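In full-length UniProt numbering, the protein residues as written are 1 to 130. Using N, Cα and C, we set each Cβ at its ideal position, and we do this for glycine too. Keep in mind that this is a model prediction, so the values were computed, not measured.
So, in structure tokens, the structure goes:
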């Protein structure tokens with residue numbers, strides 16, 4: 001989706017272009033690295049396994065940002081009724097399209113939270129069993 005003919009707004013499906021997708025991937029990598037660093041501190045310092053639950057926020061954010069990059073859809077833009085492509089940023093004028101964007105943004109957010117929760121719980125259980 002890097003040429004101008006395929007990078008266009010589609011309600012509830014695509015509201016960011018290649019540059020914004022790359023940005024989401026960088027944010028996801030940073031959040032996931034922060035979670036790994038935090039968990040390394042928990043393990044190395046011998047903190048109780050319950051401290052692993054603190055990784056939930058960066059893991060959830062990392063998962064959601066990765067989903068946003070993969071799906072070409074920014075939840076923040078979707079909730080606010082906007083889009084961002086190279087040379088074309090703006091507001092979605094159609095009410096039905098804005099509603100479709102909000103539904104999809106909500107779905108991506110829930111998926112990110114669920115994925116972060118599963119990863120956090122898995123890490124917590126692994127530390128309990130170690």
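Two segments are said to touch when three or more pairs of C-beta atoms, one from each, lie closer than 8 Å; by this definition the segment 53-61 does not touch the segment 89-96.
DSSP places residue 13 outside both helix and strand once states are collapsed to three, so it counts as coil.
Look at the beta carbons and you see the segment 71-88 not touching the segment 116-130: under three pairs across the two are nearer than 8 Å. The shortest CA-to-CA distance from residue 129 to any of 116, 49, 108, 85 is the one to 49.
In the displayed model, residue 123 falls within a helix according to three-state DSSP.
Leaving aside the five residues that flank residue 35 on each side, the residues in its chain whose CB is nearer than 7 Å to its CB run, in chain order, 55, 58, 59, 62. Between the alpha carbons of residue 41 and residue 76 lies a distance of about 31 Å. Its chain contains 62 as the residues whose beta carbon lies nearer than 8 Å to that of residue 29, once the 5 sequence neighbours on both sides are disregarded; these appear in chain order. Judged by their CB atoms, residue 67 and residue 116 are not nearer to each other than the 8 Å cut-off. Residue 106 counts as exposed, since fewer than 16 other beta carbons sit within 10 angstroms of its beta carbon.
Sorting 89, 25, 20, 110 by C-alpha distance to the C-alpha of residue 65 places 25 at the top.
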